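So the protein sequences, as listed, match chains A and B.
Number 195 in numbering that gives the first Met the number 0 belongs to position 196 of the first sequence; there are no gaps in the numbering.
Number 167 in numbering that gives the first Met the number 0 belongs to position 168 of the second sequence; there are no gaps in the numbering.
Heads up, the beta-carbon is just placed ideally off N, CA and C, and yes, glycines get one too.
None of these values were measured; they are calculated from a predicted model.
Reading through the structure tokens given below for one structure.
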Amino acid sequence: MKPLILLVLAANLGAQTVKIDLPQPQATFPTGNSSIEGAVINEVTQAPVRQAQVTISANAPPAVTDSTGRFAFRNLAPGTYWLQADHPLFSRSARAAARPLNITLGQDEQKRDVVIPLTPGATITGTVLDEDKKPMEGCNVQAFRFQPGQTGRELNGAQSASTDTRGQYRIYGLPGGRYYLMAQCHKTLLAPHPLMRIGPDTDLPQMRYSVEFLPGTPDSTASGRLTVAAGADLQSVDFQMHATATVTVHGRLSGDSEALQHNPWVQLVPRDHVLNNVIQYTGRVDTRRSTFRIDAVPPGSYTLLAIANSNEHGYQAQIPVDIGAEPPEPIVMTFLPGASFTGSIEVAGDQPQPIPSAMIRFIPLNWPVYSQPYAKIENGKFTISGVMPGRWRLEVDNVQGYVKSFTIGDQPVSPYGFNVGPASGGAMRIVMGDHTAQIEGTVTGERPEGASLWLMVVPEDPDRIAASRFWTTGLDGSGHFMLNGVEPGKYRLFALAGVEPWTIQQNFSLLKAIADRGVQLELDEGAKATAQVEITPSEEITRVIQEQE
Amino acid sequence: MRTCLPPRAYRNAAAVLLFLLGARNALCGQAGSAQMPTGPAEIEGIVVDAASGSPLRKAYVTLSTVEDNPAEALAITDDSGRFGFANIPPARYKLYARCDGYQQAWFGAPTPHHAAGVITLHAGERRQDFNLRLSQLSAISGVVLDQDGDPVDGAIVSFWTPWFSRGKPGFRQHGSVSTNDRGEYRMSILTPASYLVMVNCRSRQTLRIQPESVASAQRIEQFNQFQFGVQYFPSAERPTEASLVTVGAGKEIAGIDLHLTARATTTLRGNVVPPADLPADAFIQIATMSLDMPNQAEFTFNSGAGPPNYEFTISPILPGEYLLVANVPAGGRPYRGVQRVVINADGENRATIKLDPGIDLAGTVKIEGQKLEPGTRVLLPSGDGFPSFQVQPQAQVKGDGTFVIQGVVPGIWDIDVQPIPDGGYIKSMRLGRQDVLTEEMVIASDTKDKLDIVVSAHGGILEGDVKTDSGESAGPVHVLAAPDGEYRNVLSFYSIANSDEKGHFKLKHLTPGRYRIFAFEVLDYCAWCDPDFLKPFASQGQPVQIIEGLNQSKEVRLIHNVGKQP
Numbered sequence: 000m001k002p003l004i005l006l007v008l009a010a011n012l013g014a015q016t017v018k019i020d021l022p023q024p025q026a027t028f029p030t031g032n033s034s035i036e037g038a039v040i041n042e043v044t045q046a047p048v049r050q051a052q053v054t055i056s057a058n059a060p061p062a063v064t065d066s067t068g069r070f071a072f073r074n075l076a077p078g079t080y081w082l083q084a085d086h087p088l089f090s091r092s093a094r095a096a097a098r099p100l101n102i103t104l105g106q107d108e109q110k111r112d113v114v115i116p117l118t119p120g121a122t123i124t125g126t127v128l129d130e131d132k133k134p135m136e137g138c139n140v141q142a143f144r145f146q147p148g149q150t151g152r153e154l155n156g157a158q159s160a161s162t163d164t165r166g167q168y169r170i171y172g173l174p175g176g177r178y179y180l181m182a183q184c185h186k187t188l189l190a191p192h193p194l195m196r197i198g199p200d201t202d203l204p205q206m207r208y209s210v211e212f213l214p215g216t217p218d219s220t221a222s223g224r225l226t227v228a229a230g231a232d233l234q235s236v237d238f239q240m241h242a243t244a245t246v247t248v249h250g251r252l253s254g255d256s257e258a259l260q261h262n263p264w265v266q267l268v269p270r271d272h273v274l275n276n277v278i279q280y281t282g283r284v285d286t287r288r289s290t291f292r293i294d295a296v297p298p299g300s301y302t303l304l305a306i307a308n309s310n311e312h313g314y315q316a317q318i319p320v321d322i323g324a325e326p327p328e329p330i331v332m333t334f335l336p337g338a339s340f341t342g343s344i345e346v347a348g349d350q351p352q353p354i355p356s357a358m359i360r361f362i363p364l365n366w367p368v369y370s371q372p373y374a375k376i377e378n379g380k381f382t383i384s385g386v387m388p389g390r391w392r393l394e395v396d397n398v399q400g401y402v403k404s405f406t407i408g409d410q411p412v413s414p415y416g417f418n419v420g421p422a423s424g425g426a427m428r429i430v431m432g433d434h435t436a437q438i439e440g441t442v443t444g445e446r447p448e449g450a451s452l453w454l455m456v457v458p459e460d461p462d463r464i465a466a467s468r469f470w471t472t473g474l475d476g477s478g479h480f481m482l483n484g485v486e487p488g489k490y491r492l493f494a495l496a497g498v499e500p501w502t503i504q505q506n507f508s509l510l511k512a513i514a515d516r517g518v519q520l521e522l523d524e525g526a527k528a529t530a531q532v533e534i535t536p537s538e539e540i541t542r543v544i545q546e547q548e
Numbered sequence: 000m001r002t003c004l005p006p007r008a009y010r011n012a013a014a015v016l017l018f019l020l021g022a023r024n025a026l027c028g029q030a031g032s033a034q035m036p037t038g039p040a041e042i043e044g045i046v047v048d049a050a051s052g053s054p055l056r057k058a059y060v061t062l063s064t065v066e067d068n069p070a071e072a073l074a075i076t077d078d079s080g081r082f083g084f085a086n087i088p089p090a091r092y093k094l095y096a097r098c099d100g101y102q103q104a105w106f107g108a109p110t111p112h113h114a115a116g117v118i119t120l121h122a123g124e125r126r127q128d129f130n131l132r133l134s135q136l137s138a139i140s141g142v143v144l145d146q147d148g149d150p151v152d153g154a155i156v157s158f159w160t161p162w163f164s165r166g167k168p169g170f171r172q173h174g175s176v177s178t179n180d181r182g183e184y185r186m187s188i189l190t191p192a193s194y195l196v197m198v199n200c201r202s203r204q205t206l207r208i209q210p211e212s213v214a215s216a217q218r219i220e221q222f223n224q225f226q227f228g229v230q231y232f233p234s235a236e237r238p239t240e241a242s243l244v245t246v247g248a249g250k251e252i253a254g255i256d257l258h259l260t261a262r263a264t265t266t267l268r269g270n271v272v273p274p275a276d277l278p279a280d281a282f283i284q285i286a287t288m289s290l291d292m293p294n295q296a297e298f299t300f301n302s303g304a305g306p307p308n309y310e311f312t313i314s315p316i317l318p319g320e321y322l323l324v325a326n327v328p329a330g331g332r333p334y335r336g337v338q339r340v341v342i343n344a345d346g347e348n349r350a351t352i353k354l355d356p357g358i359d360l361a362g363t364v365k366i367e368g369q370k371l372e373p374g375t376r377v378l379l380p381s382g383d384g385f386p387s388f389q390v391q392p393q394a395q396v397k398g399d400g401t402f403v404i405q406g407v408v409p410g411i412w413d414i415d416v417q418p419i420p421d422g423g424y425i426k427s428m429r430l431g432r433q434d435v436l437t438e439e440m441v442i443a444s445d446t447k448d449k450l451d452i453v454v455s456a457h458g459g460i461l462e463g464d465v466k467t468d469s470g471e472s473a474g475p476v477h478v479l480a481a482p483d484g485e486y487r488n489v490l491s492f493y494s495i496a497n498s499d500e501k502g503h504f505k506l507k508h509l510t511p512g513r514y515r516i517f518a519f520e521v522l523d524y525c526a527w528c529d530p531d532f533l534k535p536f537a538s539q540g541q542p543v544q545i546i547e548g549l550n551q552s553k554e555v556r557l558i559h560n561v562g563k564q565p
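What follows is the structure, encoded as structure tokens:
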């Protein structure tokens, strides 16, 4: 079977907010005379995997496998356990659904020969050369792939490596899949020039190595894909780089003069949505003269950004700039101040209580906004400044519950995605609620032997998905589930067998494709819902992910 | 054809050269005809591999003026290693070439340890004799393995040479590389020298093979955690126990393998004792530095302490000797505390760090016989290198010559005044009664003394000529003025200059006092920072008494010290 994209997402687990109902802390833990023994193997070669870390859902330290791949957990009480193996050069097996990750032990049962397969990562090696076929050191070679995102398919970096002094790079531990490959050398070269005075205002002619996509194109849309099987060893994947002539971009900062007091900086970012992930040309700002310069800019289409911010202030200017072979005329960037809002925050109820001390933060949802304005709440009041035009998400720290309502002026808006216009501002009101809902029920459908089973509550609103507002739980011993603390709202409830929820939670198009498998729920405050959920066949999820590739 | 490597098809390259020269004559028709020696000068030359003599393509050749107002031109060598500069105004110049994989070379200097030559170009002069010889850089390679013989990926391997810092022996870093998934590393841009090779996996968790796990009825507070720490070639735990690896020009020393062992980590608990005036909401950052490192500059910020008890926990941490540094800015003032601690593998490890407030250091700056230049500043670079929230405390000097540097935390601080008038020098610096021009300034939390600085606009000047044993001009060499007598250890009094093509030199800004003047054929940067460096040459130094504002002249005999450096 083909390895799945799931694995890449699993590697990002640490960055996600996953809500799992964990057992409450307790003073003592049950022990017994049961045990689990087994081995971790390479799924492709069937060879034992050494130094894999095996963790178990029991009060036991992780085991680290020896050269035979062996591990053992002893003194276990009867019950159901899940096991998981990790190794930096392997991915967790995509075939978890068909593997005994969940193990039920009886009294004094000695379970042996448990096999945990790991999918080996692939290796890509090659050389980066310059025009003279001379090796280039310190270049970054990156394997990209499309990953589903809120706005459709987004190109994301997966693994990267630097070239050594022989120009050789080696990407390893790469999960199988189809990748775009890109090399980037951060090298500028001075071009020959006659005798020139050297000072801070000298524009020395420079050449720059830019970006090269496989097979040999600087254009991201013309790049081709490389199919990488699990454990594959691809060699001689070489790049030839080309230096291009560059220009120096000069300009002046005008507009709100306060901006110059708040760490102003300028940057040229390509308008190409792939290149803007990897290329930024940062300038030097002379606040005394209100000028800036950006050296060694190759021809291309860019957005020129000027940003100034500190804790309570934000200023920004942004214009499209096309750079050709000749240096452009000096560019004037006019700083505009960000919006400022004052507001109140309270907890809903018969006797609304003010919130003593907490923090609100605005998270930018659209590029290119760099600041994350925040404000301390004092006696239920706050002032938040420097909010640039754009789309934002509200986050409230150190307050129990969820945002029940959020208004700007008289307008109710979603805390998960609201717009701030240029030169706006005014009053905000945040009302927090803490009457969460509860869902309980049972699961129907075919569950493969030993496969893990998860219940996952997915919001209908994509902005809430992007904010990771998910709830997950497992089944209790009698096949029943209970989910607590769910915010009011519209959801779909899924039952997943052998698929870890956090591997698909941000996969918008997958969630859309399997939407009909979910039970629709509309939860009011304090609601107690009951649901019977049919297991979404894991083959269906596998198929959608393979189509996405 | 490989850039910066000898061309394989030399005949073709020669053909290209002929073509280029032909094109050049076509463009500048009168260049070859005999004319009056007026107008700009023109130079040409070739860059070659020092070992093979083969020309180097795409080498960067820079021609720069010697005068204070710098100007430079850049040329890139062609397939036959040739370069040229046209339209050069008559003046004095220096010329150097660099190329990837090679050490840069200055015209007139047979090795990088020799002084660069000065080229005096006359009007209308055409010279074609500029031959620059570049030596290939060297490489060290090997693998990093763990206790089970498995490769360690992502380990940082760094390269150091012995070095004196503030009169004490230490090491200076020359770059680092990381290992790949096969544990391999290769560093190939080293200059020929003897290197300390260190692998650093500090702060990275690793695993030890332990297939058996036993469930426990009691809560497990923390699983055993392991780290590799650092290691020096060959299998030494401290730099002083390591062997240096010597590599010659253009050579590769392979098989410099390092064997790491995963060691059990432990926990350090402790508390910070804050001063009574510390604002209540201050949260203190705690950094650690292992004393098993080759230099004392690598700190890791790994804990914090806050009210009410100011307790901290650092875990996991490997046993060993450490410096703990606590820092916090609070109420507009930095606070710092430094504590040495030995962390043992077994038993409870505890440390207490006393936190001290930064003081306001007041003082005066006087410039003898001149008015203070507006914008004059006094800066305090850190002398102990410990982290602090004010990396370089500084203050503007007021019109009346007074200044107050706020928030100077207890520790060792160097002193810098900017700008110093041209030709001037710092004449005296006193903290109360202590002479901090020649001794270290140590600030304590109860320092109340004022820092009084006197600058003179008239440093001593020494001009002279370097002669060989046979009385001929020595040409470009290194001239070192070394303080003699009680100030022999004051590094700021040392001064260095290169002599020109006629062996003439000029040393400015000299602090008055007794000196010995040495002229060396070869000299490395800061070689004199080793307190023993000058001992074998002592009798060959020309004694001189430098007097304020006086321009003296001296003839100095060249010391042939090629191959005699310690």
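When 7 Å is used as the limit between beta carbons, Arg185 (chain B) is near these residues of chain A: Asp163 and Thr164, in chain order. For Lys553 (chain B), no alpha helix (DSSP H) segment is defined; the enclosing uninterrupted segment is the beta strand (DSSP E) at Asn550 to Ile558.
Inter-residue distance for Val489 (chain B) and Leu461 (chain B) is about 19 Å (C-alpha atoms, whole angstroms).
Along the segment 41-103 of chain B, the beta strand (DSSP E) occurs as fully enclosed runs of 3 or more residues at 59-64, 70-75, 81-87 and 90-97, listed in sequence order. Residues of chain A whose Cβ lies closer than 7 Å to the Cβ of Ile188 (chain B) are, in chain order, Thr164. Distance between Leu323 (chain B) and Ser387 (chain B), taken at the CA atoms: about 12 Å. Note on geometry: alpha-carbon atoms of Asn343 (chain B) and Gly100 (chain B) lie some 45 Å from one another. Here Met431 (chain A) really is in contact with Ala347 (chain A); their C-beta atoms are around 7 Å apart, less than 8 Å. Sequence-distant Cβ neighbours of Val521 (chain B) in its own chain, meaning closer than 8 Å and more than five residues away, are Thr110, His112, His113, His477, Asn560, Val561 and Gln564.
Where Pro461 (chain A) is concerned, the enclosing alpha helix (DSSP H) starts and stops at Pro461 to Ala465.
A contact between stretches requires three or more CB pairs, one per stretch, nearer than 8 Å, and the segment 143-157 of chain B meets this requirement with the segment 174-183 of chain B.
Excluding sequence positions up to five before and after Trp264 (chain A), its CB lies within less than 7 Å of the CB of Thr281, Val284 and Ile306, all in the same chain and listed in chain order.
Closest by C-alpha distance to Phe504 (chain B), out of B:Asp48, B:Gly463, B:Tyr424 and B:Lys449, is B:Gly463. The residue among B:Gly384, B:Gln417, B:Ile75 and B:Lys447 with its C-alpha nearest the C-alpha of Ala394 (chain B) is B:Gln417. Here Asn418 (chain A) carries a strand assignment [DSSP, helix/strand/coil]. Scanning its chain for C-beta atoms nearer than 6 Å, with the 5 sequence neighbours on each side dropped, one finds around Val555 (chain B) the residues Gly463, Val465, Ile516, Ala518 and Gln541, in chain order. In this structure, the beta-carbon distance from Ser302 (chain B) to Asn58 (chain A) does not fall below 8 Å.
Taking C-alpha positions only, Tyr168 (chain A) is separated from Val196 (chain B) by approximately 23 Å. One thing to note: Gly80 (chain B) has its Cβ within 8 Å of the Cβ of Val47 (chain B).
Ile383 (chain A) has a beta carbon lying at 8 Å or more from every beta carbon in chain B. If you keep only unbroken alpha helix (DSSP H) runs of at least 4 residues inside the segment 116-178 of chain A, you get nothing at all. Taking 8 Å as the cut-off, the Cβ atoms of Phe222 (chain B) and Thr205 (chain B) do not count as close. Secondary structure of Thr541 (chain A) (DSSP, three-state): helix.
Counting only Cβ-Cβ distances below 8 Å, Met195 (chain A) has contacts in chain B at Ala70, Glu71 and Ala72, in chain order. DSSP places Ala338 (chain A) in no alpha helix (DSSP H) but in the uninterrupted beta strand (DSSP E) bounded by Ala338 to Val346. Only residues of its own chain outside the window of five on either side were considered, and among them Pro482, Tyr486 and Thr510 have a CB closer than 6 Å to the CB of Phe492 (chain B), listed in chain order. Residues of the same chain with a CB within less than 6 Å of the CB of Asp359 (chain B), apart from the 5 flanking positions on each side, are Val403 and Gln405 in chain order. If you check the CB distance, Ser289 (chain B) and Arg201 (chain B) come in under 8 Å. Per DSSP, the beta bridge partners of Asn270 (chain B) are B:Glu310 and B:Thr351.
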